[in-house]
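Notes to accompany the following structure.
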Amino acid sequence: MRFVSAVCLCAFVLAGPAFADDRAPSTGAALADHLQPRHAALREAAAALETAAADACAAPSPQALATLREHLSATWAAWGALEHVAYGPIEQYNRRFRLAFWPDPRGVVARDLAEVLAEEPEDLLAPNGFTFASVAVQGLPALDRLTHGRQAEALDGAGYRCRLLVGVAGNVATIAADLDAAWRVDDGAWPAAFRDPAEAAMVRDAGQLAGIVLTGMSSQLRAMRDRRLLPVLEDEAAATDDAAGSDRTPVVVAASLDGMAEAFSVLFRPPLETVDPELAGLMTRAFAQTRDTASGLTAPLSAAVGDPDGRAAVERLATQLQALNQLLVERVAPALDLSVGFNSLDGD
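All the letters of the sequence shown, read from the start, carry residue numbers -20 to -1, 1 to 328 under mature numbering (1 follows the signal peptide of the UniProt record, and there is no 0).
As structure tokens, then:
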């Protein structure tokens, strides 16, 4: 039976017993086996992106630009695997929006970036120059626009566009490095909370902390469906917030599902196998099936939904994301006696 059908047909568990300590989610494993490795991967991808940007501007060529685009895509994927982390260092210093102001339905990135390219402010490229700059020109979406289109094909190493490209790539690398370091510092509040929730000031116990993680996953599933897929299904022009030729939705959605599947496997599957092994298996299959659907999407989505088969695939993914979220909220959370709340991913 497909997991979508299971969501419709299975009786939802509305309450569940509190865990004994030996059944509590292992937040220490979540830190060591998910959060820290994924942030390290983002740091490494962003560092390689910074190097590729410098190389492409030092010796512009079609091959250098292609390599730069590959590293940019890899950094998007590394970020996508962490989008569900709606807590901790990413919520400090506006890092989330500085790293990826996206989706951008109002075209703020294009507008602000065009203004910067027209005015060519040198102070933006100085050390710490991005501190007070628009978040729209600081991160990955700005790099998409700088590396795609006719102007990108003729990068001039000495020109402002290229120097801005190197500066933004360096800013992304700095943010990624700061995030990685923040999750590793011994006296950091969030790493300490995951290592020993009972001794942490910010949470009551492992169950409350696991609920925060689950809330982030639920919010991300809703955001992917409501903010990235449904607008394009309703209006193909809604996908134009991405730079031409660089629609990141398929890559980021697939990577996000990878990250959430890993978080589920590390943090929630072990205790769930104790109380409801059938549900644990269903969740594993649900993540895999949804990931397979996402990996079959083609970019740009605006073109994909214009084709009957492509539209059907996007609609199927939207349905699966909704069903997966229902399973998390209405089955997994009660089975593990966890609460799902709200966070910054929920929007207004």
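Note that the Cβ used here is the ideal one computed from N, Cα and C, for glycine as well.
Worksheet item: Quick one: what does DSSP say residue 82 is sitting in, helix, strand or coil?
Response: coil
Worksheet item: Could you check where the alpha helix (DSSP H) with residue 367 kicks off and where it finishes?
Response: Here the chain has residues from -20 to 328 only, and residue 367 is not among them.
Worksheet item: If you draw a straight line from the alpha carbon of residue 120 to that of residue 258, how long is it in whole angstroms?
Response: Rounded to whole angstroms, residue 120 and residue 258 show a C-alpha spacing of 40 angstroms.
Item to complete: Take residue 2 and list the residues in its own chain whose beta-carbon comes closer than 8 angstroms to its own, dropping the five residues that flank it on each side.
Response: Confidence at residue 2 is low in this model, with a pLDDT of 47, below 50, so its placement is unreliable and the value that follows should be read with caution. Spatial neighbours of residue 2 in its own chain (CB-CB distance under 8 angstroms, excluding positions within 5 residues in sequence) are not present.
Worksheet item: Would you say residue 152 and residue 61 are within 9 angstroms of each other, going by their C-beta atoms?
Response: no
Discussion item. Going by DSSP in three states, residue 277 sits in which element: helix, strand or coil?
Written reply: coil
Worksheet item: Thinking just about the alpha-carbon of each residue, which of 165, 52 and 21 is nearest to the one in residue 34?
Response: The shortest C-alpha separation from residue 34 is found at 52.
Fill in: Where residue 56 falls: helix, strand or coil (DSSP)
Three-state DSSP puts residue 56 in a helix.
Worksheet item: Hey, how far is the Cα of residue 320 from the Cα of residue 191?
Response: 6 angstroms
Worksheet entry | Same chain, Cβ closer than 7 angstroms to residue 8, neighbours up to 5 away in sequence not counted | The beta carbon of residue 8 sits closer than 7 angstroms to the beta carbons of 174 and 175 from its chain, once the five residues preceding and following it are set aside; these are given in chain order.
Worksheet item: In this structure, does DSSP put residue 19 in helix, strand or coil?
Response: helix
Worksheet item: Can you tell which of 181, 58 and 36 has its C-alpha closest to the C-alpha of residue 234?
Response: 58
Practice prompt. From the DSSP output, in three-state form, read off residue 287 for me.
Written response: coil
Discussion item. Need the endpoints of the alpha helix (DSSP H) that residue 211 sits in, please.
Written reply: 210 to 214
Discussion item. Buried or exposed for residue 227, going by 16 or more other Cβ atoms inside 10 Å?
Written reply: buried
Discussion item. Only counting the same chain, and skipping five residues up and downstream in sequence, which positions put a Cβ closer than 6 angstroms to that of residue 177?
Written reply: For residue 177, the CB contacts under 6 angstroms within the same chain, skipping 5 residues up- and downstream, are 7, 183, 185, 186 and 189 in chain order.
Practice prompt. Quick one: using the 10 Å Cβ neighbour count with 16 as the cut-off for buried, is residue 78 buried or exposed?
Written response: buried
Discussion item. Closer than 8 angstroms is the cut-off here; do at least three beta carbon pairs connect the region 76 to 94 with the region 105 to 120?
Written reply: yes
Worksheet item: Where does residue 318 sit, in a helix, a strand or coil, going by DSSP?
Response: coil
Worksheet item: Is residue 2 helix, strand or coil by DSSP?
Response: Any reading at residue 2 must be qualified, since the residue scores a pLDDT of 47, below 50, and its modelled position is unreliable; the value itself is stated next. Assigned with DSSP and collapsed to three states, residue 2 falls in helix.
Fill in: residue 122 versus residue 278: straight-line alpha-carbon distance, rounded
22 angstroms
Fill in: N- and C-terminal bounds of the alpha helix (DSSP H) containing residue 153
140 to 162
Item to complete: Give me the Cβ distance between residue 241 and residue 267, rounded to the nearest whole Å; I'm assuming they're in contact under 8 angstroms.
Response: 4 angstroms
Practice prompt. Taking residue 46 as the reference, give the member of 162, 127 and 248 with the closest Cα.
Written response: 127
Fill in: DSSP three-state assignment for residue 343, whether helix, strand or coil
Residue 343 lies beyond the range of the chain shown here (-20 to 328); nothing can be said about it.
Practice prompt. Name the residue from 144, 74 and 125 whose alpha carbon lies nearest to the alpha carbon of residue 106.
Written response: 144
Worksheet item: Under three-state DSSP, which class holds residue 269?
Response: If DSSP states are grouped into helix, strand and coil, residue 269 belongs with the helices.
Item to complete: Measure the C-alpha to C-alpha separation of residue 265 and residue 67 and round it to an integer number of angstroms.
Response: 27 angstroms
Practice prompt. Please go through the same chain and pick out, in chain order, the residues whose beta-carbon is closer than 7 angstroms to the beta-carbon of residue 302, but skip the five residues on each side of it.
Written response: 205
Worksheet item: By DSSP, does residue 236 sit in helix, in strand, or in coil?
Response: The three-state reading of DSSP puts residue 236 in helix, counting H, G and I together.
Practice prompt. For residue 14, I'd like the list of residues in its chain whose CB is within less than 6 angstroms of its CB, leaving aside the five on either flank, ordered along the chain.
Written response: 242, 243 and 246
Fill in: Exposure of residue 236, with buried meaning 16 or more beta-carbon neighbours within 10 Å
Looking at its Cβ environment, which holds 16 or more other Cβ atoms inside 10 Å, residue 236 is buried.
Fill in: Beta-carbon gap between residue 159 and residue 69 smaller than 9 angstroms
yes
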